[in-house]
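Novice:
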Amino acid sequence: MIFEEKTIETERIYEGKILNLRRDKVTVEHGTSYREIIEHNGGAVIAAVTEDKKMVMVRQYRKPAERAMLEVPAGKIDPGEDPKQTAARELKEETGYEAEKIEFVTSFYPTVGYSNEQLYLFVAEGLVPGETCFDENEAIDIEEIDIDILFDMVMTGRIHDAKTIISILMIRDMISSGKLRSCRRL
């Protein structure tokens, strides 16, 4: 039987621009314990797919990992913003593309052990190129890569970002099963 933890008290440790940190005292099966929890508004993840089965990817330096990472476009949800609006905004900002169609695929918690961050995955089709409008602190390279090559990169450990791995696996399955009709069968 799974024991549901109840919060007894909460201590605010840090409040920042992107995240907050709290420490909860909780009930556990044989007494009490503490949980350190990162609070985050969540984010939208955009799998932008071209007609010829390529995904629009971004490569950028990530300080926490101390390396450049190949990722799907994504961004944090602003307070009061709908995740689908975030997806469209981030796609335009990071890649310059606008999409004729953006559809919700799934949501997931990337680090459920210590954060309430929830990510919402969308697929974008009918891509129309345009100009990027990076945030002032962003330096991003844009690449279009075939989904089968991306799948191979996932399976051989060459993609390290969890949201990107999930996106590639989901989109490849959607293409294979015919759920993404805009992709030409090659």
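Letter by letter, the sequence shown follows residues 1415 to 1600 in the working numbering.
Note that the Cβ used here is the ideal one computed from N, Cα and C, for glycine as well.
Given the structure is predicted, the values throughout are model-derived calculations rather than measurements.
1) Could you pull the start and end residues of the alpha helix (DSSP H) that D1562 belongs to?
2) Would you report the Cα separation of G1489 and E1495, rounded to the nearest angstrom?
3) Between which two residues does the beta strand (DSSP E) holding D1438 run?
4) With burial defined as no fewer than 16 other Cβ atoms inside 10 Å of the residue's Cβ, what is the status of T1509: buried or exposed?
5) Please report the distance separating the alpha-carbon of L1600 from that of D1466.
6) Rounding to the nearest angstrom, what Cα-Cα distance links E1443 and F1417 in this structure?
7) Decide if K1468 is buried, meaning its Cβ has at least 16 other Cβ atoms within 10 Å, or exposed.
8) Is the separation between the beta-carbon of A1502 and that of I1516 shorter than 9 Å?
Specialist: Answer, in terms of the structure:
1) Against the sequence shown, residue 1562 aligns to sequence position 148. Per DSSP, D1562 is one residue of the alpha helix (DSSP H) stretching across I1561 to M1569.
2) Looking up residue 1489 in the sequence shown gives position 75. Looking up residue 1495 in the sequence shown gives position 81. In a straight line, the C-alpha of G1489 is about 12 Å away from that of E1495.
3) Translated into positions along the sequence shown, residue 1438 becomes position 24. Here the beta strand (DSSP E) through D1438 covers L1433 to V1442.
4) In the sequence shown, counting from the first residue as 1, residue 1509 sits at position 95. Classification for T1509: buried.
5) Residue numbering aside, residue 1600 sits at position 186 when the sequence shown is read from its first letter. Residue numbering aside, residue 1466 sits at position 52 when the sequence shown is read from its first letter. Unreliable placement is indicated for L1600, whose pLDDT of 39 sits below 50; the coordinate value is still reported in the next sentence. Roughly 8 Å between the two C-alpha positions.
6) By 1-based counting over the sequence shown, the position of residue 1443 is 29. By 1-based counting over the sequence shown, the position of residue 1417 is 3. Whole-angstrom Cα-Cα distance: 6 Å.
7) Start at 1 with the first residue of the sequence shown, and residue 1468 comes out as number 54. Counting Cβ neighbours within 10 Å, K1468 comes out buried, since at least 16 surround it.
8) Counting from 1 along the sequence shown, the entry for residue 1502 is found at position 88. Counting from 1 along the sequence shown, the entry for residue 1516 is found at position 102. Taking the C-beta atoms as reference points, I1516 is found nearer than 9 Å to A1502.
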